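Going by this note's numbering, the residue at position 111 of the sequence shown is 101; the numbering climbs one at a time, nothing skipped. Beta carbons: idealized from backbone N, C-alpha and C, even for Gly. A quick note: this is a predicted structure, and the numbers were derived from the prediction, not measured.
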Amino acid sequence: MRRFYGIAAGTGGVQRRRSLSGLYVPLTSSAIVKRVLSILLLLLPHFLMARQEPVWISFKKEPVFVRNPTFSLLKIRDERSFKAQLGTIISGPKSSIAVRSNDEIASTFDDLLSPGFSPDSTRVPIIIRIQELIFFEKEKKALQADGTCRLELAFDVMRDGKPVQLTTYTARTIYTRSFGQTDRLELVARKALESAAQYLSNWIKINRDKSPALVKGLKFVYIDHSIQQASGDTVFYHPLRPLSWDDFQAAPRIGSRNAASIFPTFSYEGHSRWVNGFIEVQLTFKTFMVKSMSWVRPGHKDDYGLLHEQKHFDIVKLIVERFKQRIIADPDMDFEEYNSRVQFLYLEAYRDMNRWQEQYDGETQHGINRAEQERWNRKITQDLKNAEDLTAIMLSNRQ
């Protein structure tokens, strides 16, 4: 059994303390004084810093601008735990002082960013969340300090009434300053904010068509490339510009028993841009015939034969309208693969065009069967009108 021995505290101003061996040894009054003094010396810097007035940062009312901004400022939220504190800096040899801002940081950042990031249909409305803004320094030499400004921001976009995070930004800006050069702190913080704004603007530019959080959906805009005057070797489809025999400029094909032949076809071009959260895809459709691949035999340039060839041209226009409708109604169309999806639908429409042309020539016997020719004339005219009307309705319903 371990035993402990001790002398009761009493006379002589002697107190007892336990030693490592289990015995109580005396602690003299002078030792107590020394211990208290050592504790006071350790706490003195903290007392001095607490009594010192903090350094107040006052941000200049000069807006922050970046190159080609892609976002607008919707709101700024300060999520820091200690909103009044901005860290500490070196105020002198072996002494520190607190840093604070004259204004609320969220309000200050709003003033700095709002002028350069105003609402625009091509800009993404962004919520900025301030997660950290803090200075910390270490003493250098010759009355100088090495410092770091740490800025952490999170960027959100609203989706279905809720904020969705896009990305985050963390920067550590390193600087050196003289002890009395506190105005440098404002410049460092401003540069950190400017770098964050430029980072986000670049990030949106790269990810605008890729990030699900940024894209609400697809919108298609259709343009028909149609001019009434022939352009070189090409005649573009126009309802007010019917074909003429002058458009058939190739030599008659040897071995063919047809009186005439037309080479009609179609193509499309597209480009996209970001508008109010949607990827707006502008598609330009070209329905045309090639003069150097279309021909007519001498002695067969009558109105009946020209109408037969015109209906070949009208069939292509009909297929283009149905191609437009397929794009709008396609259930597999999405913003990530819309380009390849439109290309797939184009190939499907191209095959449909060839089938229609073959069926038309087969049933009319290349125009020889006048009864069938008349039936196809009415059918193509009515189908084309219905298709154009339906395309307009579908586009209107998608707006």
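Where the beta strand (DSSP E) containing residue i begins and where it ends
i, result
"I370", "Here I370 belongs to no beta strand (DSSP E); instead the alpha helix (DSSP H) covers R360 to R388."
"G82", "T78 to G82"
"Q121", "V114 to E129"
"P254", "P254 to V265"
"M148", "Q134 to R149"
"L204", "Premise fails: L204 is in no beta strand (DSSP E) and is neither H nor E."
"Q355", "Element bounds for Q355: n/a, residue is neither H nor E."
"S86", "S85 to S91"
"E43", "Segment: none, E43 is in no beta strand (DSSP E) and carries neither H nor E."
"T274", "F268 to V280"
Enclosing alpha helix (DSSP H) for residue i [first to last residue]
i, result
"A161", "From DSSP, A161 is part of no alpha helix (DSSP H) but of the beta strand (DSSP E) over K152 to S168."
"E69", "Looking at the DSSP string, E69 is not in any alpha helix (DSSP H), and its letter there is neither H nor E."
"L233", "Segment: none, L233 is in no alpha helix (DSSP H) and carries neither H nor E."
"Q219", "Element bounds for Q219: n/a, residue is neither H nor E."
"V102", "The amino acid at residue 102 is misidentified as Val; the sequence shows Leu. Residues I95 to L103."
"Q239", "Taken as a continuous stretch (DSSP letters only), Q239 belongs to no alpha helix (DSSP H), as it is neither H nor E."
"V178", "R174 to N197"
Cβ neighbour criterion (16 or more within 10 Å) applied to residue i
i, result
"Q363", "buried"
"E299", "buried"
"S284", "buried"
"S262", "buried"
"F72", "exposed"
"T354", "buried"
"P59", "buried"
"P254", "buried"
"R345", "exposed"
"R360", "exposed"
"A241", "exposed"
"Y294", "exposed"
"I217", "exposed"
"I47", "buried"
"L141", "buried"
"T98", "buried"
"A250", "buried"
"R341", "exposed"
"S85", "exposed"
"G289", "exposed"
"K369", "exposed"
"L133", "exposed"
"G357", "buried"
"S91", "buried"
"I252", "buried"
"R119", "buried"
"K128", "exposed"
"R394", "Because the chain in this structure spans residues -9 to 389, residue 394 falls outside the shown range and cannot be described."
"I194", "buried"
Distance between beta carbons of residue j and residue i, contact taken as under 8 Å
i, j, result
"V265", "T112", "6 Å"
"S191", "L156", "At roughly 12 Å, the Cβ-Cβ gap does not stay under 8 Å, so S191 and L156 are not in contact."
"F268", "K209", "5 Å"
"T172", "F126", "The Cβ separation is near 15 Å, so there is no contact."
"K328", "Y258", "As written in the sequence, residue 328 is Tyr, which differs from the Lys given in the question. Not really, about 13 Å apart at Cβ, beyond 8 Å."
"I117", "R149", "In fact, because the Cβ distance is near 11 Å, the residues do not count as touching under 8 Å."
"T381", "E311", "5 Å"
"F49", "R180", "7 Å"
"L123", "I80", "L123 to I80, Cβ: 18 Å. No contact."
"Q219", "S282", "Not really, about 17 Å apart at Cβ, beyond 8 Å."
"Q333", "H302", "Not a contact, Cβ separation roughly 25 Å."
"M279", "V225", "5 Å"
"R70", "Q121", "7 Å"
"L296", "W235", "6 Å"
"L308", "A377", "6 Å"
Beta-carbon proximity check, residue i vs residue j, cutoff 8 Å
i, j, result
"M384", "A319", "yes"
"V54", "L183", "yes"
"Y227", "T277", "yes"
"L143", "Y165", "no"
"Q272", "V178", "no"
"A187", "L103", "yes"
"P115", "S62", "yes"
"M343", "R331", "no"
"D304", "L374", "yes"
"K51", "D100", "no"
"I87", "V45", "yes"
At 4 residues or longer, and completely inside the segment 287 to 345: list those alpha helix (DSSP H) runs for me, N to C.
Within the segment 287 to 345, the complete alpha helix (DSSP H) runs of at least 4 residues fall at 293 to 319.
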